[in-house]
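Here's the structure, in structure tokens; my notes come after.
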Amino acid sequence: MNDVMAKINLKKLYSNKLKKRTNRNIAVDIILAVLLGLFGLFSLWPLVLITNNAFKPLNEIFLFPPRLFVHNPTLNNFRDLGVIMGNSWVPVSRYIFNTLFITFLGTLGIVIVSSMAAYPLAKYTFPGSKVMSKLVVYALMFNSTVTVIPNYIIISRIGLVDTHWALILPALSGTLGLFLMKNFIVQIPDSMLEAAKIDGANEYKTYWTIIMPLSKPAWITLIIFTFQGLWGATGGTFIYTEKLKPLNFALMQIIQAGIARTGVAGAVALLLLLVPIIVFIVSQSNVIETMASTGIKG
Amino acid sequence: MPGKTASVSGTGLEKVWKEHKEKYILIAPFAALFIVFTVIPVFASIGISFTSFNMLEKPTFAGLSNYINLSVFDEIFLIAIKNTLVFAIITGPISYLMCFGFAWIINEFPPKIRAFMTLVFYAPSISGGAFMIWKLIFSSDMYGYANAWLMKLGIFSDPVLWFDTKTYVMPILIIVQLWLSLGVSFLAFIAGFQNVDKNLYDAGLIDGIKNRWQELWYITLPYMKPQLLFGAVMQITASFSVSAISIQLAGFPSVEYAGHTILTHLHDYGTIRYEMGYASTIAAILFFIMLFANIIVQKLLRRVGE
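Residue numbers (numbering that gives the first Met the number 0), protein chains in the order written: chain H, 0 to 297; chain L, 0 to 305.
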């Protein structure tokens with residue numbers, strides 16, 4: 000399937016090129032297309048493998064030499080996963096609820112908090128606004144794991160350890176969302192804001208009735224990025240009560256049970272993989288529109 | 000931040016507050032979270048790095064002893080630094096070029112194929128724990144794909160213990176990291192290319208642009224500078240932050256510390272040994288390395304197309 004795909008791409012690229020721009024060298028075109036195809040396979044191959052493994056019966060998983068594609072697809076791995084999940088002493092529905100709770104509140108929270116802060120920073124200059132904008136960019140320059148120790152101390156002092164808020168609140172302080180929203184809102188014409196002001200709207204009303212509707216692609220992007228992060232949360236060091244743990248934690252436990260669970264692990268891997276990918280496919284155009292406005296001004 | 004208003008001379012806090020009240024209120028929730036979960040922790044981390052602290056007793060001031068122990072006596076930390084730098088120097092620039100190069104090539108496709116190819120390259124970075132599949136690919140028995148192929152081709156006669164052999168750990172982790180690295184910056188580049196004003200290319204033709212490389216350097220790159228800077232920040236931060244793939248694939252500790260990075264060292268002292276003062280020193284050093292690398296690269300990239 001992959002090879003066919005690459006061939007089709009090559010063909011299309013080639014026929015497309017001829018009518019496009021004049022200053023193109025066909026030899027270079029072909030080299031670039033081959034390069035793209037090779038790396039496309041490199042990128043896609045492990046994902047195709049995951050997909051196929053999820054449907055492989057046990058005798059195909061342990062086969063020498065191993066085959067990429069499944070010959071006799073079966074749903075056994077998914078059935079086994081269902082049996083294991085059904086036997087766990089915390090009901091699966093509880094894990095699913097936890098993940099949905101964390102993902103929903105965290106995503107909603109970050110959209111509201113980031114967009115509220117992004118509007119004034121994008122459209123006005125006032126004491127403190129420049130410093131804040133600078134700090135937001137600097138915060139992108141390091142990974143949040145470097146503050147993990149004081150973060151743990153702060154979260155335990157506030158009394159949030161072993162609650163879902165320990166995962167949600169720190170996520171809300173991430174600056175990538177504010178950064179994306181701000182860059183997008185800058186492009187909204189000032190005249191629209193002035194029109195609202197003439198109609199007597201205050202800043203809150205302008206934010207809600209003008210900024211939010213017009214920056215929809217930006218907050219959809221933000222939803223996707225946040226969703227991906229929170230969906231994958233395992234609870235880590237913050238949540239130790241079993242019935243508060245997210246779905247991902249339960250699934251990881253199943254995978255780590257070793258070689259006997261290889262088939263089930265394949266089913267789990269496919270489930271974990273599919274959700275973010277589907278979400279991205281559905282919203283791709285919004286994401287690209289938002290990223291077009293993104294950047295650090297030189 | 001509301002706190003900054005004091006710096007306005009003579010106008011007085013009250014006047015500033017009256018004039019900008021609604022803006023400050025809009026910013027307040029984010030500012031509060033940002034201060035509590037980012038600003039204070041950064042300073043606290045640097046503060047704790049000068050103490051001896053085990054989470055149970057009060058921290059005691061330890062001066063520079065953590066820094067001295069770390070840089071002079073902790074040989075494993077030196078391995079971690081070396082590995083992290085090797086990682087960053089290889090995966091940082093390569094992943095950045097991959098993000099940019101593939102976005103550039105993809106940009107010339109018609110929209111449908113462009114959307115498909117974008118998904119193909121972007122999917123690994125959002126697939127969460129899917130990188131665990133590499134454990135199966137580089138499995139140490141003959142059911143591992145890498146071993147099976149190499150044995151079938153006759154290159155090896157026995158299965159290779161990939162993650163138990165010092166020389167293989169780093170290259171495999173680099174491959175996996177590169178596989179995961181076409182993320183947010185890749186999307187930013189894709190979008191940036193689409194945003195370039197098409198008329199500029201026609202104008203460029205008249206001005207004597209001869210080939211695609213000149214077009215790239217003189218027209219596209221200067222136009223995309225904001226995305227280039229943003230992408231650099233994201234890739235640099237990611238390339239210094241390798242830990243999960245090392246711990247999950249190569250194990251912890253990895254064979255002869257071959258996959259040990261600054262972050263896995265931090266993981267060791269912070270979540271296993273509970274030596275928080277020492278762990279904070281590791282965190283502080285990584286913080287300054289990341290900031291330093293970012294600022295240098297930003298300075299360099301600002302000269303693109305000049």
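Even glycine gets a Cβ: it sits at the ideal position worked out from N, Cα and C.
Where L:L248 falls, given that 16 or more other Cβ within 10 Å makes a residue buried = buried
What's the C-alpha gap between L:G128 and H:L272?
-> 8 Å
Contact set for H:K10: own chain, Cβ-Cβ below 6 Å, skip 5 residues either direction | Since pLDDT at H:K10 reaches only 47, below the 50 mark, its modelled position is unreliable, and no value is offered.
Assumed close pair H:G262, H:K55 - CB separation to whole angstroms, cut-off 8 Å = 7 Å
Taking L:N293 as the reference, give the member of L:L179, L:A87 and L:I104 with the closest Cα.
-> L:A87
Using a Cβ cut-off of 8 Å (strictly closer), state whether L:T219 contacts chain H.
-> no
If I'm right that L:A43 touches L:T50 with Cβ under 8 Å, what's the distance once you round it to whole angstroms?
-> The pair is not a contact, with the Cβ atoms about 11 Å apart (cut-off 8 Å).
What residue range is occupied by the uninterrupted alpha helix (DSSP H) comprising L:H19?
-> L12 to F33
Please confirm if L:Q176 has its CB atom under 8 Å from at least one CB of chain H.
-> no
Proximity to H:G309 [Cα-Cα], best of H:N201, H:F226 and H:F237 | Outside the modelled stretch of chain H, which goes from 0 to 297, sits residue 309 of chain H, for which no answer is possible.
9 Å Cβ cut-off: residues of chain L touching H:F125 | T4, V15, E18, H19, K22 and Y23
Identity of the residue in H:L213, H:P169, H:S292 and H:L57 nearest L:I34 by Cα | H:P169
Is it right to say L:A102 is buried, meaning 16 or more other beta carbons lie within 10 angstroms of its own, or is it exposed?
-> buried
Can you name the residues of chain H whose CB is closer than 8 Å to the CB of L:Q234?
-> Chain H residues near L:Q234: none, gap ~11 Å exceeds 8 Å.
Within-8 Å CB hit, L:N65 to chain H | no
Assuming H:E241 contacts H:V89 under a Cβ cut-off of 8 Å, what Cβ separation, rounded to an integer in Å, is found between them?
-> 5 Å
Using a Cβ-Cβ cut-off of less than 8 Å, give me the residues of the segment 198 to 209 of chain H that come near chain A, in sequence order.
-> Here chain A cannot be found, since the structure's protein chains are H and L.
Can you list the residues of chain L that H:I280 reaches, using a CB-CB cut of under 8 Å?
-> L118
Measuring only between beta-carbons, confirm whether L:P58 sits less than 8 Å from chain H.
-> no
Thinking C-beta only, is L:F162 closer than 8 Å to L:F137?
-> yes
L:W216 versus L:V303 - alpha carbon distance = 8 Å
Check the DSSP bridge columns for L:T50 and list the partner residues they point to.
-> L:F60
For the candidate residues H:V47, H:T98 and H:M115, whose alpha-carbon lies nearest to that of H:I209?
-> H:M115
Should L:F108 be counted as a contact of the ligand MN given a C-beta to heavy atom distance under 7 Å?
-> The ligand MN is not part of this structure, which contains no ligands at all.
Whose CA, out of L:A257, L:G191, L:E255 and L:T219, lies closest to the CA of L:L199?
-> L:T219
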